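Chemist:
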Amino acid sequence: MFPYNRILIAPDKFKGTLSATHAAKAMSSGIRFALGDSVQVVELPLADGGEGSLVALHSLRPKLNLRAEILPDAGGLKRSVCYLTGETDAYFESARLLSLNFKGNRRLPLLDRTSSGLGRWVRDMLALQKRELFLFLGGTSVCDGGLGILLEFGFQLLDHKGNPVHSLRNLPNARRLVPPTPFTSIGANIKMLSDVTNPLLGPMGAPKLFAPQKGATQSDVALLEDGLEQLSRLWAEFAKQSNKNWPGGVGAGGGIALPFLGMAKKKTTLSSGSLFFLEESGLADMIRPDDLVLTGEGRTDAGTLAGKLVDAVVHLCRKAGADCLVVSGAVADRDKLDTANYPKTIAVSTNGSVPAHKAAADDLSRAVTRALSEMK
Numbered sequence: 125m126f127p128y129n130r131i132l133i134a135p136d137k138f139k140g141t142l143s144a145t146h147a148a149k150a151m152s153s154g155i156r157f158a159l160g161d162s163v164q165v166v167e168l169p170l171a172d173g174g175e176g177s178l179v180a181l182h183s184l185r186p187k188l189n190l191r192a193e194i195l196p197d198a199g200g201l202k203r204s205v206c207y208l209t210g211e212t213d214a215y216f217e218s219a220r221l222l223s224l225n226f227k228g229n230r231r232l233p234l235l236d237r238t239s240s241g242l243g244r245w246v247r248d249m250l251a252l253q254k255r256e257l258f259l260f261l262g263g264t265s266v267c268d269g270g271l272g273i274l275l276e277f278g279f280q281l282l283d284h285k286g287n288p289v290h291s292l293r294n295l296p297n298a299r300r301l302v303p304p305t306p307f308t309s310i311g312a313n314i315k316m317l318s319d320v321t322n323p324l325l326g327p328m329g330a331p332k333l334f335a336p337q338k339g340a341t342q343s344d345v346a347l348l349e350d351g352l353e354q355l356s357r358l359w360a361e362f363a364k365q366s367n368k369n370w371p372g373g374v375g376a377g378g379g380i381a382l383p384f385l386g387m388a389k390k391k392t393t394l395s396s397g398s399l400f401f402l403e404e405s406g407l408a409d410m411i412r413p414d415d416l417v418l419t420g421e422g423r424t425d426a427g428t429l430a431g432k433l434v435d436a437v438v439h440l441c442r443k444a445g446a447d448c449l450v451v452s453g454a455v456a457d458r459d460k461l462d463t464a465n466y467p468k469t470i471a472v473s474t475n476g477s478v479p480a481h482k483a484a485a486d487d488l489s490r491a492v493t494r495a496l497s498e499m500k
């Protein structure tokens, strides 16, 4: 006899194959095939502050209005980008503008990609008198530490001779950060939501860990580490704080949180996108000890432990005393997951690769059916 009366489905996207909504529906289908209507099923497709965040938020808060704006992407090409807005608040998913999925962004060398379009959107929202701006940081193709945003807001970087520094290639030479005249502090609260807990610099930072995934060469990584370290120091001086006191997660999205933390320290927060969505969904209040919670993502590995949604759901289940089952497209680093005392974690793929888009939903559904059938 199946030991649960209710299953809560709370997946992230399966990157490159299924949105969180489609993943939840595939999981639900697998449950029905295994158990029929003997259990109650609740679908809560979520996100972690990266790709898919806007869709997940709109499903939770359908009264928000969907708007679009023409903005330059990481390569400078104009794109129509959707965002969500309320009366005094607005929500932007950085990946919708700066994603590596866009061919133009992907073909351009990493050192030539810029975050300026995100800065343009923030400026436009400030001009509309928005009082709260929410930025989902993850899933970008850039690693510029917000250099493009800095320039969009009228700041200047100068080298030791007073020459302007406009590019990542010259960023290690920056010695001064000069605000625009007059400098007006940002009037809105900027709430940034990160999909990881990684720092800006070091072995787990944006240049060394994430830049190679975005096409950086070894020499690019070394240049970016030096350049972002210098940029971080200059912003710390401007904000009158220690260079080591940036919050966790500042490495998300290639460091694009840095200029906002520097120029609007008192009005800016950086927090977990996963926890934001858990709170928005009310999952914590929903879970009962006799529930089974089903979650998953495209690939569960050691990186999952650094702030991803699946990890947040696992911890929430532990706190609630509920059982959790993870069904992901692929699973790696099982030794590290075991060390973290992870619940049963099943891979849809048996060869370590994420299933192709066409078969992903059916494969996920079948994997859930098999897993639940074994629990009877």
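Using my numbering, the letters of the sequence shown correspond one by one to residues 125 to 500. All C-beta atoms in this analysis are idealised placements derived from N, C-alpha and C, irrespective of residue type, glycine included. Nothing here was measured: the structure is a model prediction, and the numbers come from that model.
1. Helix or strand or just coil, what does DSSP make of Ser143?
2. Which residue comes first and which comes last in the beta strand (DSSP E) that contains Cys206?
3. I need the boundaries of the alpha helix (DSSP H) containing Val374, first residue and last residue.
4. From Leu407 to Arg442, what does the alpha carbon distance come to, in whole angstroms?
5. Cα separation between Gly241 and Leu235?
6. In the DSSP output, what is Ser318 paired with across the bridge?
7. Report back the beta-carbon spacing between Ser318 and Gly431 to the nearest angstrom; my notes put them in contact at under 8 Å.
8. What are the uninterrupted segments assigned as beta strand (DSSP E) that are 3 or more residues long and contained completely in the stretch 204-266, given in chain order?
9. By the three-class DSSP mapping on this structure, what secondary structure does Glu193 have?
10. Look at the alpha carbon of Ser152 and the alpha carbon of Ser452, and state the distance between them as a whole number of angstroms.
11. Skipping 5 residues on each side, what residues in its chain have a beta carbon closer than 6 Å to that of Asp213?
12. Can you list, in chain order, the stretches of the alpha helix (DSSP H) that have 4 or more residues and sit fully within the stretch 167-193?
13. By alpha-carbon positions, which one of Lys254, Leu418, Leu295 and Ala335 ends up nearest to Pro169?
14. Could you tell me the alpha carbon to alpha carbon distance between Ala484 and Ala495, rounded to whole angstroms?
15. Considering only DSSP beta bridges, list what Val302 is partnered with.
16. Out of curiosity, what's the CA-to-CA distance linking Phe334 and Gly378?
17. Decide if Pro135 is buried, meaning its Cβ has at least 16 other Cβ atoms within 10 Å, or exposed.
18. List the DSSP bridge partners of Arg130.
19. State the CB to CB distance for the pair Leu352 and Val374, rounded to an integer number of angstroms; the pair is presumed to be in contact (CB under 8 Å).
20. Less than 7 Å between C-beta atoms, sequence neighbours within five positions excluded: which residues of the same chain meet that for Ile273?
21. For the beta strand (DSSP E) containing Thr469, name the first residue and the last one.
22. When the Cβ atoms of the stretch 409-416 are set against those of the stretch 385-394, are three or more pairs found closer than 8 Å?
23. Who are the near neighbours of Lys364 in its chain, counting only those whose CB is closer than 8 Å to its CB and skipping five residues on each side?
24. For Thr308, which three-state DSSP category applies?
25. I need the DSSP call for Asn297, collapsed to helix, strand or coil.
26. Counting C-beta neighbours from all protein chains within 10 Å, is the total for Gln354 16 or more, i.e. buried, or is it exposed?
27. Following the continuous beta strand (DSSP E) through Leu449, name the residue where it begins and the one where it ends.
28. Going straight from the alpha carbon of His284 to that of Ala298, what length do you get?
29. Roughly how far, in whole angstroms, is the beta-carbon of Lys137 from the beta-carbon of Gly422, given that I think they are within contact range, below 8 Å?
30. Would you say the stretch 203-210 touches the stretch 159-173, given that touching needs at least three Cβ pairs under 8 Å?
31. Quick check on DSSP: helix, strand or coil for Thr341?
32. Determine the direct distance from the alpha carbon of Val266 to that of Leu324, and round the result to whole angstroms.
33. To the nearest angstrom, report how far apart Thr463 and Ala426 are at their CA atoms.
34. For Val289, report the span of its beta strand (DSSP E) as first-last.
35. Please state whether DSSP places Arg412 in a helix, a strand or coil.
36. Can you list, in chain order, the residues of its chain with a C-beta nearer than 7 Å to that of Leu224? Leave out the 5 residues immediately preceding and following it.
Modeler: On the basis of the data shown:
1. Taking the sequence shown and counting its residues from 1, one reaches residue 143 at position 19. Coil at Ser143, not helix or strand.
2. Numbered from its first residue, the sequence shown carries residue 206 at position 82. Lys202 to Thr209 is the extent of the beta strand (DSSP E) around Cys206.
3. Numbered from its first residue, the sequence shown carries residue 374 at position 250. Looking at the DSSP string, Val374 is not in any alpha helix (DSSP H), and its letter there is neither H nor E.
4. For the purposes of this step, residue 407 is taken as residue 283 along the sequence shown, with counting starting at 1. For the purposes of this step, residue 442 is taken as residue 318 along the sequence shown, with counting starting at 1. Going from the Cα of Leu407 to the Cα of Arg442 covers about 13 Å.
5. By 1-based counting over the sequence shown, the position of residue 241 is 117. By 1-based counting over the sequence shown, the position of residue 235 is 111. About 16 Å.
6. Start at 1 with the first residue of the sequence shown, and residue 318 comes out as number 194. Its beta-bridge partners are Ser396.
7. For the purposes of this step, residue 318 is taken as the residue at position 194 of the sequence shown. For the purposes of this step, residue 431 is taken as the residue at position 307 of the sequence shown. 7 Å between Cβ atoms; contact.
8. List check, beta strand (DSSP E) in window: 213-217 and 256-260.
9. Counting from one through the sequence shown, the residue named residue 193 turns up at place 69. Assigned with DSSP and collapsed to three states, Glu193 falls in strand.
10. Residue mapping note: residue 152 aligns to position 28 of the sequence shown, counting from 1. Residue mapping note: residue 452 aligns to position 328 of the sequence shown, counting from 1. Distance between the alpha carbons of Ser152 and Ser452 is about 14 Å.
11. Numbered from its first residue, the sequence shown carries residue 213 at position 89. Here the set comprises Glu256.
12. 177-184
13. Locating residue 169 in the sequence shown gives position 45, counting from the first residue. Of the listed residues, the one whose Cα sits closest to Pro169 is Leu418.
14. Counting from one through the sequence shown, the residue named residue 484 turns up at place 360. Counting from one through the sequence shown, the residue named residue 495 turns up at place 371. So the alpha carbons of these two residues sit roughly 16 Å apart.
15. For the purposes of this step, residue 302 is taken as the residue at position 178 of the sequence shown. Per DSSP, Gln280.
16. Within the sequence shown, the letter at position 210 stands for residue 334. Within the sequence shown, the letter at position 254 stands for residue 378. Roughly 8 Å between the two C-alpha positions.
17. Your numbering for residue 135 matches position 11 in the sequence shown. Counting Cβ neighbours within 10 Å, Pro135 comes out buried, since at least 16 surround it.
18. As a working note, residue 130 is residue 6 in the sequence shown. Note: Arg130 sits in a beta bridge opposite Gln164.
19. By 1-based counting over the sequence shown, the position of residue 352 is 228. By 1-based counting over the sequence shown, the position of residue 374 is 250. 10 Å between Cβ atoms; not a contact.
20. Stepping through the sequence shown from its first residue, residue 273 is reached at position 149. Result list for Ile273: Ser239, Ser240, Leu242, Gly243, Ile380 and Pro383, in chain order.
21. Stepping through the sequence shown from its first residue, residue 469 is reached at position 345. Where Thr469 is concerned, the enclosing beta strand (DSSP E) stretches over Thr469 to Ala471.
22. no
23. Numbered from 1 along the sequence shown, position 240 holds the residue referred to as residue 364. Same-chain partners within the cutoff: there are none.
24. For this step, residue 308 is matched to residue 184 along the sequence shown. Looking at Thr308 - three-state DSSP - the assignment turns out to be coil, as it is neither helix nor strand.
25. Here residue 297 refers to the residue found at position 173 when the sequence shown is read from its first residue. Looking at Asn297 - three-state DSSP - the assignment turns out to be helix.
26. The residue given as residue 354 occupies position 230 in the sequence shown. That one is buried.
27. Your numbering for residue 449 matches position 325 in the sequence shown. Here the beta strand (DSSP E) through Leu449 covers Asp447 to Ser452.
28. Counted from its first residue, the sequence shown places residue 284 at position 160. Counted from its first residue, the sequence shown places residue 298 at position 174. Going from the Cα of His284 to the Cα of Ala298 covers about 7 Å.
29. The sequence position of residue 137 within the sequence shown is 13, counting from 1. The sequence position of residue 422 within the sequence shown is 298, counting from 1. Correct: roughly 7 Å between the Cβ atoms.
30. no
31. Translated into the one-based positions of the sequence shown, residue 341 becomes position 217. In this structure, Thr341 counts as coil in the three-state DSSP scheme.
32. For the purposes of this step, residue 324 is identified with residue 200 of the sequence shown, where counting begins at 1. For the purposes of this step, residue 266 is identified with residue 142 of the sequence shown, where counting begins at 1. Near 13 Å, if we compare the C-alpha coordinates of Val266 and Leu324.
33. The residue you call residue 463 lines up with position 339 of the sequence shown. The residue you call residue 426 lines up with position 302 of the sequence shown. About 10 Å.
34. Position 165 of the sequence shown, counting from 1, holds the residue named residue 289. Counting along the chain, Val289 falls outside any beta strand (DSSP E), and DSSP gives it neither H nor E.
35. Your numbering for residue 412 matches position 288 in the sequence shown. DSSP, reduced to helix, strand and coil, places Arg412 outside both helices and strands of the structure shown, so it counts as coil.
36. Taking the first residue of the sequence shown as position 1, residue 224 is located at position 100. Only Arg230, Ser265 and Lys338 meet the Cβ criterion.
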